[in-house]
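Protein chains: 2
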Amino acid sequence: MLSFTEENYLKAIYRLSEGGLKAVLTNEIAESVSTKAASVTDMIKKLSNKNLISYEKYYGARITRQGKSHALSVIRKHRLWETFLVEKLKFSWDEVHDVAEQLEHIQSPLLIEKLDEFLGYPTADPHGHPIPDKDGKVQSLKLIPLSDSVVNKKAVVRSVKDGTPSFLQYLSKIGIYIGARIAILDKIEFDSSLEILIDNKTRIFISRDAAQNLLITE
Amino acid sequence: MLSFTEENYLKAIYRLSEGGLKAVLTNEIAESVSTKAASVTDMIKKLSNKNLISYEKYYGARITRQGKSHALSVIRKHRLWETFLVEKLKFSWDEVHDVAEQLEHIQSPLLIEKLDEFLGYPTADPHGHPIPDKDGKVQSLKLIPLSDSVVNKKAVVRSVKDGTPSFLQYLSKIGIYIGARIAILDKIEFDSSLEILIDNKTRIFISRDAAQNLLITE
DNA sequence: ATATTTTTTTAGACCAGACTAAACTTTTAT
DNA sequence: ATAAAAGTTTAGTCTGGTCTAAAAAAATAT
């Protein structure tokens with residue numbers, strides 16, 4: 000049984016390591032969990048003793064198989080709760096993060112099982128991020144940033160790279176949501192902005208930054 | 000903003016004081032939150048400094064207006080979550096307590112507002128306990144133990160006094176639930192057990208202990 | 001190759017919440 | 001009325017998680 004704090008560190012390490020691929024540095028973790036490097040060093044020792052990460056001084060932390068599985072279960076809970084908040088309680092998708100951040104630490108396997116069932120076993124959360132299943136398996140589509148696609152391609156919005164509230168608010172303002180169909184009408188050479196058609200209805204320009212942050216399947 | 004622990008003490012004090020009427024003793028609190036008297040003394044000082052209770056050495060703690068309002072908001076959250084678990088996630092009413100015990104500490108007024116709406120503004124939880132409204136008001140019926148009623152009376156089950164899982168399991172086994180209609184057919188002088196008719200269908204004997212723990216309206 | 005800067009770790013301290021052991025009040029029993 | 005028992009508080013310690021300041025290691029610049 001891990002504490003609230005331990006789970007948050009583990010989740011941060013998992014995310015920063017891009018799913019367990021790279022080692023992550025003390026300062027990166029400190030930044031990510033909003034604390035100081037000294038505190039991170041302490042916590043790293045704790046997690047290391049529990050075999051959730053492996054750790055080499057001045058080198059960084061790598062997540063272990065066990066650690067990864069625990070991190071995925073926290074992520075699963077987070078994304079199921081986000082789905083619940085948006086689909087059932089009618090939160091808008093930019094309001095859910097902080098609440099889900101609390102709910103993800105509730106300890107009850109039965110609760111999560113029943114919540115999953117209640118939601119109809121969703122495979123992606125409202126931001127389009129995949130929801131790991133009970134065994135930690137994640138279904139992954141080949142996602143590319145909209146900015147990497149080309150004129151005349153048709154695409155479906157699957158996810159956002161960085162879900163900051165202001166970006167999400169912008170998306171809902173212009174009518175883009177997970178599942179929206181997009182056709183690329185033109186690519187402006189000057190500033191790499193895109194002219195797109197949303198759901199065969201709305202024609203609009205979006206900036207290069209926005210296009211890089213929208214993940215699609217073609 | 001109170002900590003998880005502070006909220007649990009406050010809730011215990013509220014409950015033990017029967018809604019703020021009596022002062023409660025250190026040992027009672029210790030028993031109730033499963034800790035030692037010395038720890039209670041410390042926490043009492045903290046809550047007292049925050050004006051949530053008033054406190055006199057060797058005498059006991061009384062809850063203040065502020066404390067009562069906070070305790071009621073925790074109870075409100077607990078009961079709304081229990082309702083959600085039973086009505087929406089199909090928990091049985093003896094499985095919900097421990098999970099609700101965790102969920103009640105989630106901090107988000109918006110969440111509770113939306114949950115309340117989602118549930119259709121219920122006034123009682125699955126055990127029949129009243130759910131305080133946003134302002135801490137509780138709707139209260141005149142509840143009496145079934146054991147205090149008399150032969151030939153008709154009654155509706157409204158609540159249980161002590162909702163231990165084994166009692167709740169027993170109730171669901173014999174077909175008693177909140178809202179069930181009960182007619183008292185006979186009172187056995189020997190052991191004060193009752194012969195009752197549930198929903199005009201099932202005739203059964205229940206013990207004096209059970210009858211004392213079932214709260215009804217006539 | 002050495003000096004400087006950056007990053008990380010250690011040492012020592014603090015706060016919340018818990019505990020044990022001992023001291024002190026209050027209540028109960030004789 | 002006094003002794004014993006019961007209940008409560010204080011004093012001191014522990015653990016988890018945090019911090020600052022200083023030391024140590026690694027990376028970078030000259």
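From first to last, the protein sequence lines stand for chains A and B.
Read in numbering that gives the first Met the number 0, the first sequence has 20 at position 21, and its numbers run on one by one without any break.
Read in numbering that gives the first Met the number 0, the second sequence has 126 at position 127, and its numbers run on one by one without any break.
Virtual Cβ for every residue (Gly too), placed ideally from N, Cα, C.
Nothing here was measured: the structure is a model prediction, and the numbers come from that model.
Contacts around residue i, its chain only, beta-carbon distance under 6 Å, and the 5 residues preceding and following it disregarded
i	result
A/H77	A99 and E103
A/A70	L9, K10 and Y13
B/S47	Y54
B/N26	A36
A/K67	G19
A/F204	S192 and E194
A/A182	K153 and L196
Cβ-based burial, residue i [other Cβ within 10 Å; buried from 16]
i	result
B/S146	buried
B/K136	exposed
A/D41	exposed
B/S148	buried
A/L83	In the sequence as presented, Leu is not what sits at residue 83 of chain A; that position holds Phe. Classification of A/F83: buried, given that the 10 Å Cβ count is 16 or more.
A/G162	buried
B/D124	buried
B/V23	buried
A/R75	buried
A/N7	buried
A/L109	exposed
B/A59	Note that residue 59 of chain B is Gly in the sequence shown, not Ala. Burial call: buried.
Close Cβ partners of residue i (< 8 Å) along its chain, the five nearest in sequence each way excluded
i	result
B/Y169	A209
A/A29	K35, A36, S38 and V39
A/V220	No information on residue 220 of chain A is available, as it lies outside the stretch 0 to 217 that chain A covers here.
A/T63	N50, L51, I52 and S53
B/A179	V155, V156, I197 and D198
B/L79	I111, L114, D115, L118, P121, D124 and I130
B/S72	P131 and G135
A/M0	Q106
B/I177	A123, P125, H126, G127, V156, R157 and S158
B/E173	Here residue 173 of chain B is Ile; the residue named in the question, Glu, does not match the sequence. I197, T201, I203 and I205, listed in sequence order.
B/V32	N7, Y8, A11 and V39
A/D185	V150, L193 and E194
Closer than 8 Å at the beta carbon, the chain B residues around residue i
i	result
A/V85	Going along chain B, no residue has its Cβ under 8 Å from A/V85, so there is no contact; the nearest lies around 11 Å.
Neighbour list for residue i in chain A, Cβ cutoff strictly below 7 Å
i	result
B/F189	Within chain A, no residue comes near B/F189; the closest Cβ sits about 42 Å away, beyond 7 Å.
B/L110	V98
Beta carbon proximity, residue i to chain A, threshold 9 Å
i	result
B/K113	yes
B/D167	The question names Asp, but residue 167 of chain B is Leu in the sequence shown. For B/L167, the answer is no, since every Cβ of chain A falls outside 9 Å of its Cβ.
Contacts that residue i makes with chain B (C-beta to C-beta distance below 9 Å)
i	result
A/I105	V98, Q101, L102 and I105
Partner residues on chain A for residue i, Cβ-Cβ distance less than 9 Å
i	result
B/K89	K113, E116 and F117
C-beta neighbour in chain B for residue i, strict 9 Å
i	result
A/E94	yes
Own chain residues within Cβ distance below 7 Å of residue i, not counting five before or after
i	result
A/Q65	N50 and L51
A/S206	S192
A/D93	P164, L167 and Q168
A/E81	V95, A99, D124 and P125
B/T122	P129, I130 and Q138
B/S85	The residue asked about is misnamed: residue 85 of chain B is Val in this sequence, not Ser. Answer for B/V85: W92, V95 and P125, listed in chain order.
### Query
Counting Cβ pairs closer than 8 Å, one from the segment 114 to 134 of chain B and one from the segment 138 to 150 of chain A, do we hit at least three?
Here the segment 114 to 134 of chain B makes no contact with the segment 138 to 150 of chain A; the two share fewer than three CB pairs at distances below 8 Å.
### Message
Using a Cβ distance threshold of 8 Å, determine whether the segment 14 to 26 of chain B contacts the segment 172 to 191 of chain A, with at least three qualifying pairs required.
### Response
Counting C-beta pairs closer than 8 Å gives fewer than three between the segment 14 to 26 of chain B and the segment 172 to 191 of chain A, which falls short of the contact rule.
### Query
Is it a yes or a no for the segment 111 to 129 of chain A touching the segment 88 to 97 of chain B, going by three-plus beta-carbon pairs under 8 Å?
Contact holds between the segment 111 to 129 of chain A and the segment 88 to 97 of chain B, because three or more Cβ pairs, one in each stretch, are under 8 Å apart.
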